[in-house]
Structures are given as structure tokens and as C-alpha cells.
Amino acid sequence: MSAEFKPFDLKLIKPSFDSRLTDLIIDLEHLRKKQLGGSTHPQVFFQLKHIFHTLESIGSARIEGNNTTITEYFEDKLNNDGNKNVSYNILEIQNIEKAMEFIEQNIINYPINKSFISELHKIIVDGLPFNNRGEGDKTPGSYRNHNIKISNSKHSPPEPYLIEGYMDEIFEFIKHQDSSKYDLLKSAIAHHRFVWVHPFSNGNGRTVRLFTYAMLIKNGFNVNIGRIINPTAIFCNNRNEYYDKLSKADLGTEEGILEWSEYVLNGLKEEIEKIDKLSDYQFLKTEILLPSINFSLNRKIITDIEAKILKETIDKQVIQNSDLEKFFKNKAKSEISRQIKKLIEKKMLVPEGDSVRKYILRFDNNYLLRGVIKMLDEKGFLPLRD
Numbered sequence: 000m001s002a003e004f005k006p007f008d009l010k011l012i013k014p015s016f017d018s019r020l021t022d023l024i025i026d027l028e029h030l031r032k033k034q035l036g037g038s039t040h041p042q043v044f045f046q047l048k049h050i051f052h053t054l055e056s057i058g059s060a061r062i063e064g065n066n067t068t069i070t071e072y073f074e075d076k077l078n079n080d081g082n083k084n085v086s087y088n089i090l091e092i093q094n095i096e097k098a099m100e101f102i103e104q105n106i107i108n109y110p111i112n113k114s115f116i117s118e119l120h121k122i123i124v125d126g127l128p129f130n131n132r133g134e135g136d137k138t139p140g141s142y143r144n145h146n147i148k149i150s151n152s153k154h155s156p157p158e159p160y161l162i163e164g165y166m167d168e169i170f171e172f173i174k175h176q177d178s179s180k181y182d183l184l185k186s187a188i189a190h191h192r193f194v195w196v197h198p199f200s201n202g203n204g205r206t207v208r209l210f211t212y213a214m215l216i217k218n219g220f221n222v223n224i225g226r227i228i229n230p231t232a233i234f235c236n237n238r239n240e241y242y243d244k245l246s247k248a249d250l251g252t253e254e255g256i257l258e259w260s261e262y263v264l265n266g267l268k269e270e271i272e273k274i275d276k277l278s279d280y281q282f283l284k285t286e287i288l289l290p291s292i293n294f295s296l297n298r299k300i301i302t303d304i305e306a307k308i309l310k311e312t313i314d315k316q317v318i319q320n321s322d323l324e325k326f327f328k329n330k331a332k333s334e335i336s337r338q339i340k341k342l343i344e345k346k347m348l349v350p351e352g353d354s355v356r357k358y359i360l361r362f363d364n365n366y367l368l369r370g371v372i373k374m375l376d377e378k379g380f381l382p383l384r385d
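Going by numbering that gives the first Met the number 0, the first residue of the sequence shown is number 0, and it counts up by one from there.
Set out below in C-alpha cells:
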């Protein structure tokens, strides 16, 4: 059966009161309003958040066929001194990371509209080839001017002259003042509608997942006050299920739209509940950070004295020279300063804020990052596996 275009109205479909979807909406409303403990130091938390940005970006690219593994990307990141040319696969992931940063810097002050999505698309396809199945686009930021087909789909996206109207309808749909309890349901419906329109020549999947990230932050899942959200994890755990649910929604039936929405909101709830654990420092310390130090020590990536200092830093979150005197008995105090300077140079410690005499753990480096990623994997925090 050949693909065909079957138009249907974009509307808010409300689930029945006793449905699983309604339960999910209630649960997510609670999570949205939940005050996180915030016991993890902000500078440590934002290092974690950056790792999840990277994981999100790798996952989004992998859905589209990029075969770069988590290990390969982080190894490239650790070993690239900034002067080496990166492969297109690596550049594709870097672009998604940049787009996530753009969202966080601008989403509070600007509406999600054509200009916003256009800028996202430009960032996503920047520098990527658009010939021979490349992941770039000849017209970055502009809607497509030709018909396209979606691989393995029975849905044919609308003709180019209809795109502007359909996209404006999406933007009006998400900003329309409905009860806040429908915010996340609208996000799920808007995600599908965006894919259904397929407004760009290429990069639609990457763009729509960032569109979802922007909607979540706009709807109150504020990532700048201690929360990490990783919406791509919903879709990249099982790519076939993702496409299957989209296909059912393509039919335009209420049943298909609601099934898609339940799939999205259930995945979102599971991810938020899982990752929120990392804001509890006791959990982060015992399950991720301390084991990662042991990982590096056992492989002789760090020395015994470095491990002791780093474990003390993890235990206290913030240290100063006096906290380390017990490790340097019968030695000059200048030895403590020398060791701290060495760890700062190796990017394993960093001064706390503007303070030059207090230090916190830094783990985005050659010595510790591999261990942190391994522990996150073992505890089930990675959205995909190598």
C-alpha cells in the first residue's frame, strides 16, 4: 500500500477520567510541582546535567541512524584538543548539544514559534552534508519546498504550500490557554503533529525532539533549578515502538492519538522519576561518585593520594586545605597546596564559585568521566546502550 496524505484536525483530545492516561497526567502534574531536595551542589549538578545533554544528543542522533556509541563520543570529547576535525557523525551530535543550550538560554524569554524552530533547525543541520543521505539541509531554517516521503511509513506529509498553515496551527495549539493539567498532553499531541507535517527537507526528527524539550521546560520542568529531563530516552530505548506509536497516531483517530500520548507521558514519567534521584546527594555520592573513584583507582588512572582527596571532596562536597591535613601528617602544609594545584590542572578539582580556597569535584575529565559513565550505566540511567 502506497503512502497517502489523510488530513485531520489538530485538537485537544481529552481522555476519560478512569483511563491510564489520566492517571499519568495527575502523576506528572505532581512531579512538575514537586520541590526537589537539591542536596547536590549546583556545580556538581550542572556537570551531571551536561552529561545528560550529551546522552540526549547521542540518543536523538542514533534514532536517525547515527551509529556513534556513547563510548566513542565521550572518547572523542576527552581526546579532542579542539584543533582536530571531527567526523560528521560527531558534528551531528555536537549540533544537538548546541541546540539544547540555545533552548535553555532563550526559552523563558521567547515564544515557541516559527522563528524559534527555524533557529533550532539551523543549529541542528549546521555544517552537515545534504547529499548522499547526509544529515544536513540545503535550506537551513526554511520549510521544505518539495514533497517528501517518510521511510517505512504509510503517511505522506502534506504538500509544501500547506506547511506554513499547519505549523502556525501547531504554534497556536501549544500557546492556547487551556487548563494547565493538559500541558503535557498537548506537548505529546504537538510532537506527533510536527512529525506528521514534516516541515523541513531533513532533520525533522532531531528538531521535533528538541521542540519537545522546549515545551517541557516552557511547561514548568525547569532544568535550571535542579532537574534533569531527558525526553529522547522515551523514544530511543525502542525505536521500533516509537515509530509504531507514531504510525497509529497518523491515522488521526482519537484512539491512535491517545495511545501515542499515553506512550509519551508514561515514558516521561519513568525518566523523570529515575533521574530525579540524582538530585539526592546521598544517592549520587554512594551509587555513582564514590564507585567511580574506585573504578579509576583500580585501573591506576589516579593515585592513592588523589583518590583520598577526591573521596574527601565527595564526602564533604566542598573542601579546603585544612580538610586534607590528615592525609599529609609530618609533611609541610605546602604539600597540600601542591596536590590541590595538581588536581586542578588535571581538571579533577575546581574552585567553588569565586572562592580560591574552597574546591569541589570535577569529573568531566580523562581521569574520572569514564567511571562516572560506567556507574550511570550500571544503575540504569543511560537512555541507550552501546
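Backbone N, C-alpha and C define an ideal beta-carbon position, used for all residues, glycine too. Bear in mind the structure is a predicted one, so any value in this text is a computation, not a measurement.
(request) Check the DSSP bridge columns for N154 and list the partner residues they point to. (result) Per the sequence presented here, residue 154 reads as His, with Asn not at that position. According to DSSP, which records beta bridges pairwise, H154 is partnered with E3.
(request) Note down the Cα distance separating E254 from A248, rounded to an integer number of angstroms. (result) Their Cα atoms are separated by approximately 8 Å.
(request) Name, in chain order, the residues that DSSP records as bridge partners for Y358. (result) When beta bridges are read from the DSSP output, Y358 appears opposite I318 and P350.
(message) Using C-beta distances below 7 Å, list every residue in its chain close to Y366, excluding the 5 sequence neighbours before and after it, in chain order.
(response) Taken in chain order, the residues that qualify are S295, I300, I301, K345 and M347.
(message) Rounded to whole angstroms, what is the Cα-Cα separation between E334 and D376?
(response) So the two alpha carbons sit approximately 36 Å from each other.
(message) Within 8 Å, do at least three Cβ pairs link the segment 178-191 to the segment 125-135?
(response) Short answer: they don't touch.
(message) Considering only the alpha carbon of each residue, which of D303, I57 and E63 lies closest to N239?
(response) Looking at D303, I57 and E63, the one whose alpha-carbon comes closest to that of N239 is E63.
(request) Report the option in S260, I50, I228 and L54 whose CA atom is closest to the CA atom of D243. (result) Ranking S260, I50, I228 and L54 by Cα distance to D243 puts S260 first.
(request) Provide the residue span of the alpha helix (DSSP H) that contains K340, from first to last. (result) For K340, the enclosing alpha helix (DSSP H) starts and ends at S333 to E344.
(request) Specify whether the segment 211-220 and the segment 101-112 touch according to this definition: at least 3 beta carbon pairs, one from each stretch, less than 8 Å apart. (result) Enough Cβ pairs lie closer than 8 Å, so yes.
(message) Going by DSSP, what residue range makes up the alpha helix (DSSP H) through R143?
(response) In this chain, R143 is not harboured by any alpha helix (DSSP H), its DSSP state being neither H nor E.
(request) Go through its chain and collect everything with a Cβ distance to T39's Cβ below 6 Å, but skip five positions before and after it. (result) The beta carbon of T39 lies closer than 6 Å to those of S278, Y280 and L283 in the same chain, with the five residues before and after it left out.
(message) Please determine whether the Cβ atom of G164 lies at a distance below 7 Å from any heavy atom of the ligand FAD.
(response) Inclusion of the ligand FAD in the displayed structure is not the case, the ligand content being empty and no account of it being possible.
(request) Give every residue of the same chain whose Cβ lies closer than 7 Å to the Cβ of P382, excluding the five residues on either side of it in the sequence, and list them in chain order. (result) Correct list, in chain order: L54, G58, N229, T231, A232, C235 and N236.
(message) As an exercise, report each continuous alpha helix (DSSP H) stretch of at least 4 residues that is fully enclosed by the segment 66-90, in chain order.
(response) Here the runs fully enclosed are 69-78.
(request) Starting from the N-terminal side, write out each stretch of the alpha helix (DSSP H) that is 4 residues or longer and does not extend beyond the segment 12-71. (result) Runs of the alpha helix (DSSP H) inside the segment 12-71: 19-32 and 41-62.
(request) Report yes if the CB atom of K276 is closer than 8 Å to the CB atom of I292, and no otherwise. (result) Going by C-beta atoms, K276 is not nearer than 8 Å to I292.
(message) Just to confirm my understanding: we take R143, look at its own chain, exclude 5 residues before and 5 after, and list those with CB closer than 8 Å. What are they?
(response) Excluding residues within five positions, the ones whose Cβ falls inside 8 Å are P159, I162, H197, P198, F199 and S200.
(request) Report the residue from K307, N364, I274 and N223 whose alpha carbon sits nearest the alpha carbon of P41. (result) Closest by alpha carbon: N223.
(message) Quick check: the segment 166-174 against the segment 17-29, are at least 3 beta-carbon pairs closer than 8 Å?
(response) No, the segment 17-29 does not touch the segment 166-174.
(message) Can you tell me whether H175 is helix, strand or coil according to DSSP?
(response) If DSSP states are grouped into helix, strand and coil, H175 belongs with coil.
(request) Return the first residue and the last residue of the alpha helix (DSSP H) that S246 is part of. (result) For S246, the enclosing alpha helix (DSSP H) covers residues R238 to D249.
(message) Quick test of your reading: S117 and A2, contact by CB under 8 Å. State the CB separation rounded to the nearest angstrom.
(response) No, S117 and A2 are not in contact; Cβ-Cβ is about 26 Å, not under 8 Å.
(request) Report yes if the CB atom of L342 is closer than 8 Å to the CB atom of E305, and no otherwise. (result) Yes, Cβ-Cβ distance for L342 and E305 is below 8 Å.
(message) I need the DSSP call for R369, collapsed to helix, strand or coil.
(response) R369 falls in the helix class under three-state DSSP.
(request) Could you pull the start and end residues of the alpha helix (DSSP H) that S295 belongs to? (result) Its alpha helix (DSSP H) spans residues L289 to N297.
(request) List the endpoints of the continuous alpha helix (DSSP H) containing R205. (result) Element bounds for R205: N203 to K217.
(message) Please tell me whether S38 has its Cβ less than 8 Å away from any Cβ of chain D.
(response) Any reference to chain D falls outside this structure, which holds one protein chain only.
(message) Among F51, L209, D8 and R61, whose alpha-carbon lies nearest the alpha-carbon of D363?
(response) Here the closest residue by C-alpha is F51.
(message) Only counting the same chain, and skipping five residues up and downstream in sequence, which positions put a Cβ closer than 8 Å to that of L27?
(response) Correct list, in chain order: L183, L264, L267, K268 and I271.
(message) Helix, strand or coil, according to DSSP, for S200 in the structure here?
(response) S200: coil per DSSP, three-state reduction.
(message) Considering only their Cβ atoms, is the gap separating I25 from L257 smaller than 8 Å?
(response) When the beta-carbon positions are compared, L257 and I25 stay at least 8 Å from each other.
(request) Using 10 angstroms around the beta-carbon of L47, count the other beta-carbons present and answer buried if the total reaches 16, otherwise exposed. (result) With a 10 Å radius around the Cβ and a threshold of 16 neighbouring Cβ atoms, L47 comes out buried.
(request) Return yes when the Cβ of M374 is within less than 8 Å of the Cβ of L209, no when it is not. (result) Not closer than 8 Å, so no.
(request) Determine the direct distance from the alpha carbon of Y262 to that of I339, and round the result to whole angstroms. (result) Approximately 49 Å, taken between the alpha carbons.
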